[in-house]
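Residue numbers (our numbering), protein chains in the order written: chain A, 2 to 288; chain B, 3 to 280. Idealized CB from N, CA, C, for every residue including glycine. Here the structure is a predicted model, which is why all the values come from computation and not from measurement. Notes for the one structure printed next.
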Amino acid sequence: MYKLIDKIFDTVIKLLTLFSLLILVFIIIFILKESTVFFKEVSILKFITGRKWNPLKSPTDLSILNIILGTLYVSFIAIIIALPIGVGTGLLLSVYTNGRWKTVARGIIDILAGVPSVVYGFMGLLIIVKFFETAFDFPTGESILAGGVLLSVMILPYIISTCSETMDNIYKENLFSSEALGTSKIYMARKIVFPESKKGIIAAVILALGRAMGETMAVMMVIGNAPIPPKLFGRAQTIPSLIALEMGMVEVGSLHYHALFASGLVLMIMLLIINIIFYYIRRGIHA
Amino acid sequence: MSENIKELLFKIWIILSGATVLFLTLFIFGYIIKHGFQSINTEFIFGNPKGIPLGAEGGVLPAIMGSLFLTVIACAFASLLAISTSIYVVYYCMSKKIENIIHIIIQCMAGIPSIVLGLFGYTLLIVNLRLERSLLSAGITLGIMIFPFIQVRVEKAFREASSTIIESSYALGVSNSYTFLRLILHMCKFEIVSAITLAGGFAMGAAAPIILTGAVIFAPVPKSLLSPVMALPFHLYILIGEGISLEKAYATALVLISLLLVINIVSMILIFRKKGAN
């Protein structure tokens, strides 16, 4: 009897595991399948190096270089702003907090990570965009910079938790010798934990880059959504916002529909590469 | 520059960073709570959206219920898969190579942007399986989104669970299924529930995957798995995007944020209790 239950249990676990792993395969196959229809009409090279996106013209212009550049630009701005703050907070958390305080601090970071992107977008629109419009007298506050500032707040929690994970380990490893030598906490943070956690910081940057590039709603609400060459103070478009905005109005099966899947494919490939790099760097740290 | 000054600057840097993060958190919540409270009342929470355009007056009950249903479906779907995968990786898988492959796959899934998951859900569930835009298809899409999140945390909990009890259990000839269901799940229940609630919060706040797979501008409280739903994040987006009502948008954001705060606090208390028990 027990043997039978055991056998069923084993099989169920194995089947469910297999199913979970197959989801990724399915995602790739389905996105690829819908994209190949498009790539039969328009060459891949033209799709990612052309600058014109105009699905309403006939014949349509469907190339996304401007949009890829917009996605990268806004993500880099976000990382440049968020990195110093995130690394600093990571150091503060690993060296100066312990026990319950650490759990509470983690909780706050989790809460910040849990704020929905629509809420971020809403606040970005009301605060950041409005600020650019009134303070600098821009014709429109919707810009790469507004998107970058907003995104930097959104990726902070990811940078902090990835950094402090590494920093915690380094701190614990060196705590004993450091205390024996009578060094101060700040000395330890500056001379040991910070320089030793370089790999962790790189991992954090890569993870944050992935998060920033895939972010949809918040960026869409503050960036202006115009597929033109991106400038810091001008409107731009990102791949996720392109898909979210235009998917609702396309006809299933049209070239435009398949072009949106193709842009999703481009985004997914970039992010898969980023995540594989992240995986290996992180494994290098923990090995 | 002398060492002292460098040290001082370093200190200022890390303290300022921490202060910035704390300030941002308080500011975000303070801002929403302050503005939201001015326009929230019981009619808003328990009423249906009314007015022209829809949402300009009335309440958000269908959106609250819709979001809760979506979260439950997503969590159920994701945690079943995540717990099984974690059990497999920790207790069944003997080959380091397979373990690595599984980890890479999960890392990649975690990295897929939510909008691409929305595309996937749309083409598989709606175009190919003809499920319509519904509670079920949106819930499954959200479940795929949070699966890696739960899996990583549950696996960590399994690895940290004391191995002596498990080894003794095997040594006594206790069956696999009994060991897992009665011993391991029992030891890790706080971490598992905490991971699921936290992931539920992510699912509840996500708008991108459900735009394409199930969320609609107006629907009554869903009666079956196949009916379309309203969801709070999507409702908020429509209120702002279409410029319907700023006041209602603040109130909707407050409702959403409060639900998420409750979820986060529950998850934190669970972790505290676990630490207290040890």
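Under a three-way DSSP split, which group does ASP169 of chain A fall into? helix
Pick helix, strand or coil for GLU216 of chain A, following the three-state DSSP scheme. coil
Give the secondary structure of PRO231 of chain A by DSSP, where H, G and I count as helix, E and B as strand, and everything else as coil. coil
Compare the C-alpha of ASP11 of chain A against each of B:ILE34, B:CYS95, B:ALA253 and B:GLU45 and name the closest. B:CYS95
Closer than 7 angstroms by beta-carbon distance: list the chain A residues that pair up with HIS188 of chain B, in chain order. Chain A residues near HIS188 of chain B: none, gap ~16 angstroms exceeds 7 angstroms.
With a Cβ-Cβ cutoff of 8 angstroms, do ALA140 of chain B and GLY57 of chain B count as a contact? no
Look at the alpha carbon of PHE31 of chain B and the alpha carbon of HIS37 of chain B, and state the distance between them as a whole number of angstroms. Annotation: PHE31 of chain B to HIS37 of chain B spans about 10 angstroms, alpha carbon to alpha carbon.
Starting from the Cα of ILE80 of chain A, find the closest Cα among A:ILE160, A:MET218 and A:ASN170 and give me that residue. A:ILE160
Give the interface partners of PRO235 of chain B over in chain A, defined as CB-CB distance under 7 angstroms, in chain order. PRO117 and VAL119
With a cut-off of 8 angstroms, does the C-beta of PHE20 of chain A fall near any C-beta of chain B? yes
Positions along the region 145-160 of chain A whose CB lies within less than 7 angstroms of some CB in chain B: VAL154 and LEU157
Return the first residue and the last residue of the alpha helix (DSSP H) that LYS192 of chain A is part of. For LYS192 of chain A, there is no enclosing alpha helix (DSSP H), as DSSP marks it with neither H nor E.
Considering only the beta carbon of each residue, do SER41 of chain B and GLU249 of chain B sit closer than 8 angstroms? yes
Less than 8 angstroms between the beta carbons of LEU238 of chain B and PHE123 of chain A, yes or no? In contact: LEU238 of chain B and PHE123 of chain A (Cβ atoms closer than 8 angstroms).
Beta-carbon spacing of ILE110 of chain A, SER162 of chain A below 8 angstroms: yes
SER179 of chain B beta carbon less than 8 angstroms from that of ILE6 of chain A: Yes, they are a contact pair.
Cβ contact (3+ pairs, closer than 8 angstroms) linking the region 13-29 of chain B and the region 80-93 of chain A: yes
If you draw a straight line from the alpha carbon of ASN67 of chain A to that of GLY115 of chain A, how long is it in whole angstroms? 31 angstroms
Note down, in chain order, every chain B residue with its Cβ under 9 angstroms from the Cβ of PRO241 of chain A. PRO115, SER116, ILE117, VAL118 and ALA210
Secondary structure of ALA217 of chain B, DSSP reduced to three states: Strand at ALA217 of chain B.
Just to confirm my understanding: we take LEU137 of chain B, look at its own chain, exclude 5 residues before and 5 after, and list those with CB closer than 8 angstroms. What are they? GLY68, PHE71, LEU72, ILE75, GLY216, PRO224, SER226, LEU227, LEU228, SER229, PRO230 and VAL231
To the nearest angstrom, how far is the alpha carbon of HIS257 of chain A from that of ALA245 of chain A? 13 angstroms
Where does GLY51 of chain A fall in DSSP's three states? coil
Close beta carbons around VAL43 of chain A, own chain, < 7 angstroms, minus the five adjacent residues each side: Cβ neighbours of VAL43 of chain A beyond the five flanking positions: LEU63.
Enumerate in chain order the residues of its own chain whose CB-to-CB distance from GLU45 of chain B is below 7 angstroms, with the five nearest sequence positions on each side excluded. GLY61, listed in sequence order.
Counting only Cβ pairs nearer than 9 angstroms, list the residues of chain A close to LYS13 of chain B. ILE187, ALA190 and ARG191
For ALA143 of chain A and ARG236 of chain A, which I take to be in contact (beta-carbon distance under 8 angstroms), what is that distance rounded to the nearest angstrom? It is Glu, not Ala, that sits at residue 143 of chain A in the sequence shown. Confirmed, about 6 angstroms.
If we count Cβ pairs, one from each stretch, closer than 8 angstroms, do we get three or more for the region 86-106 of chain B versus the region 148-158 of chain B? yes
Decide if the region 123-131 of chain B is in contact with the region 24-40 of chain A; the criterion is three or more beta carbon pairs, one per stretch, under 8 angstroms apart. yes
With DSSP as the reference, identify every bridge partner of GLU59 of chain B, one or two as the case may be. Under DSSP, GLU59 of chain B forms a beta bridge with B:LYS52.
Beta carbon of PRO51 of chain B, beta carbon of ALA221 of chain B: below 8 angstroms? no
Chain-order list of residues whose beta-carbon lies under 7 angstroms from that of ILE219 of chain B (same chain, five-residue window excluded): LEU56 and ILE240
Suppose the cutoff is 6 angstroms on Cβ atoms and the five residues either side in sequence are ignored; what does the same chain contact list for ALA209 of chain B look like? Answer for ALA209 of chain B: PRO235, PHE236 and TYR239, listed in chain order.
Taking Cβ-Cβ distances shorter than 7 angstroms, what residues in chain A pair up with GLN40 of chain B? Residues of chain A passing the Cβ test: none, with the nearest at roughly 14 angstroms.
Please decide whether LEU26 of chain B counts as near chain A, where near means a Cβ-Cβ distance under 8 angstroms. yes
Excluding the 5 residues flanking TYR74 of chain A on each side, which residues of the same chain have their C-beta closer than 6 angstroms to its C-beta? Excluding positions up to five away in sequence, the list reads ILE145 and PRO231.
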